[in-house]
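Quick notes on the structure that follows.
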Amino acid sequence: LKEDFEIIDKNQIPPTAELKNEEREKTEEARWSAPILSLAKKASENLALSYGNALKSASLVGFIPKAGTDSTARASARCHAMEERANLMNMMKLSIKILIQSALSLGRTLDSDFPPLQQFFVVLEHCLKHGLKVKKTFIGQNKSFFGPLELVEKLCPEASDIATSVKNLPELKTAVGRGRAWLYLALMQKKLADYLKVLLDNKHLLSEFYEPDALMMEEEGAVIVGLLVGLNVIDANLCLKGEDLDSQVGVIDFSLYLKETQDSDGKQDGGITAVLDQKHYVEELNRHLSCTVADLQNKIDCLEKTNSKLQEELAAATDRIGSLQEEQQQLKQQNELIREQSEKSVEVTKEDTKVELDTYKQSRQGLDEMYSDVWKQLKEEKKIRLELEKELELQIGMKTEMEIAMKLLEKDTHEKQDTLVALRQQLEEVKAINLQMFHKSQNAECSLQQKTEAISSFEGKTNEMMSSMKQMEERLQHAEKARQAAEERCNKMKQELAGRLDTCRQQMSQLDSKCSTLEKELKSEKEQRQTLQRELHQEKDATTLLKTELQQMEGLKKELRKLQDEKQQLEKVCEEQEQALQEMGLHLSQSKLKMEDIKEVNKALKGHTWLKDDEATHCKQCEKEFSISRRKHHCRNCGDIFCNSCSSNELALPSYPKPVRVCDTCHTLLLQRCSSNSS
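See the structure below:
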């Protein structure tokens, strides 16, 4: 515990007789057991030795500078750390013993207001803070024992509930407050010793937070963890809500440990040690009182600053409320105008859409009828065109057959011409033979006679040949006539086919013209259909715009409802404020009427001063901040200002004819006085 100490004059120390008298009076109130006294004596002796060494070293350093080596400085630092660890361990033993004995004597669950339990947490906090490393951040230096406690969640998953509940508490803003809440919850779970043992088993992780000569890094930490196992006997019920764990001052109250018991016979064992203990106790009390005074002054300065800030915020809030009310009225007017305009526009658009829908339905019916008629005509023309194409195909087939027949006839005529040429060649050969025979007949007239029979036979053959030639010529004539008739037929067929082709071409041209007209009509109908679709899209867009406008109108209606709800809430708040102001006005009028009576009563009451309303911002008993709902009330006995819950009692005072408001402390004191007077 590296702390500064104040040197007190010998004149300020009370004499030993007074101290003994005070000790005798205190022994009547409470008695301490022998082992606790021995432990207290050991702790006081160790504290006295450490404080004396610290004072000597401070005086030597301040007035007689010495040039020592590094080894001597380190040895002195180690000795100092060992003394601190021994003192803290002895204080921990004392606090745990006193806590267990007091809890067993009471035989009930301990609350957070129990003094031995509070002192136990203070001593444990000092033990955990011993040898902590200072971590530098952007904000400044940070030295908190909550860092090593956060490691328990990683090492022991059972402690995750404690960590989450501590992080979820909105009242805790500093790491010190979170560490205190963690210790409270671990004690309630009866696992404080187990969690700290897990930390001590992993000292390589603790080296990041503690110095090598810290209490948690040495054997004293294991001893303290063993002592904490005895706390599992105690049942604690600690409420974390409503307690300001961030700004609590961790001061060890040595008055709980430095009391001694003396027998009625007046034994004076260890008088010198008692005087020394009381001296050190007074020094420690003086130091702690100076610390508490400085803390209280800082708190008073902070409260004054917060009070001025709150007053400024109150004035700004009132101005803002006025501006918000004006804005609310303007928004109401604008909303009414917008609503009227939107209703009118919606009605007009509804009428226009109805008319357009009627016209569109009528035009759509006419177009559907036209489209059905045109579609029927197209189907009929397609049927006619298919029939004509079939006839054309038949005529083309007939034409191909005629051409094939003509080719066959030409082949027959060519064959017949070839046979005629062959017959003519035979005739020429026969003529040549006849000439030869004639020459032979002339040359051999002699042989003519002999061969008359042969000639006659030859003549018969020639006649036969002539008859055959005539027959062949007749056949040729018949064939030529048939060819001419076939050619005539072919010409007629060609003429007929040409006429039919002309008629078909005319019909095709007519059909093409009809198709072109129908295509034009289809194109015009498609264009009309596209225009109608465009109009439909435009109408759909208009309907979507109208729907969006309707949705906007619904949103505006919802906003109107929200604004109306806010208006109702503001009206309720205004009504409550007006009621509170009326009540405050009544109380002010009553207080003005009773000011003179109060002044006279204050003169009669033991120098008590009547606190002004401006001087008090928090309740003196529960320290809750005053507001419009939590109003100020004066105690008619002491003159201080309290809230309604802390000053709900009424008693008849000598300066007032009727029962008046009195705080809880004055109520109990007055009742005690009445009971003592009556007895």
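End of the sequence shown sits at 679 in full-length UniProt numbering; the numbers just go up one at a time, nothing left out. Cβ coordinates follow ideal geometry from the N, Cα and C atoms, glycine included.
Here DSSP, grouped into helix, strand and coil, assigns N237 to coil. Listed in chain order, the non-local C-beta contacts of L240 below 7 Å within the same chain comprise L169, A181, Y184, local neighbours out to five positions each way being set aside. Between H633 and C643, the C-beta gap is smaller than 8 Å, which places the two residues in contact. The beta-carbon separation of L228 and L196, rounded to 7 Å, stays under the 8 Å limit for a contact. A direct Cα-Cα distance of roughly 16 Å separates K190 from L104. Contact check for I252 against I100 fails: the beta carbons are separated by 8 Å or more.
For the pair V223 and M89, the CB atoms are nearer than the 8 Å cut-off. If you ignore the 5 residues before and after V374, its C-beta comes within less than 8 Å of the C-beta of L518, E521, L522, E525, all in its own chain and listed in chain order. The beta carbon of M402 sits closer than 6 Å to those of M493, all from its chain and outside the five residues before and after it, given in chain order. Taking the CA atoms as reference points, L155 sits about 7 Å from V198. Of the other Cβ atoms in all chains shown, 16 or more fall within 10 Å of the Cβ of Q119; this residue is therefore buried. A distance below 8 Å separates the beta carbons of L497 and K399. Straight through space, the alpha carbons of N637 and D614 are spaced by roughly 19 Å.
By the neighbour-count definition (other C-beta atoms within 10 Å, threshold 16), G397 is an exposed residue. Within the model, the alpha-carbon separation for G147 versus F209 is close to 7 Å. For the 8 Å CB-CB criterion, C622 and C646 form a contact.
Within its own chain, the residues whose Cβ lies closer than 6 Å to the Cβ of K173, once the five positions on either side in sequence are excluded, are D246, listed in chain order. A direct Cα-Cα distance of roughly 37 Å separates D412 from M437. In the three-state reduction of the DSSP assignment, R287 falls in the helix class, which pools H, G and I.
At the C-beta level, T609 and G639 come within 8 Å of one another. DSSP, reduced to helix, strand and coil, places E625 within a strand of the structure shown. Of the residues Q334, Y360, G177, the one whose Cα lies closest to the Cα of Q538 is Y360.
L556 is a Cβ neighbour of N335, given a cutoff of 8 Å. With contact defined as three or more Cβ pairs closer than 8 Å, the stretch 212–221 and the stretch 73–88 are in contact.
Sequence-distant partners of Q507 (beyond 5 residues in either direction) whose C-beta falls short of 8 Å from its own C-beta, in its chain, are L388. The bridge partners DSSP lists for L132 are Y210.
Looking only at K540, T543, A81, the smallest Cα-Cα distance to E220 is reached by A81.
Distances from the CA of L378 to each of E429, Q333, D512, K547 were compared; the closest alpha carbon is that of D512. Following the DSSP letters along the chain, one finds V660 in no alpha helix (DSSP H) but inside the beta strand (DSSP E) bounded by residues 659–662.
About 7 Å separates the CB atoms of L670 and V662; that is less than 8 Å, so the two are in contact. Contact between L187 and L128 is ruled out by a C-beta separation of about 14 Å, above the 8 Å threshold. Fully enclosed beta strand (DSSP E) runs of no fewer than 3 residues are not present anywhere in the stretch 287–362. Taking C-beta atoms under 8 Å as the contact rule, T109 and A236 qualify, at a distance of about 6 Å. Counted as a single uninterrupted DSSP element, the alpha helix (DSSP H) harbouring L196 occupies residues 192–201. In the structure shown, L651 falls within a strand segment according to DSSP collapsed to helix, strand and coil. Between L331 and L563, the gap from beta carbon to beta carbon is short of 8 Å.
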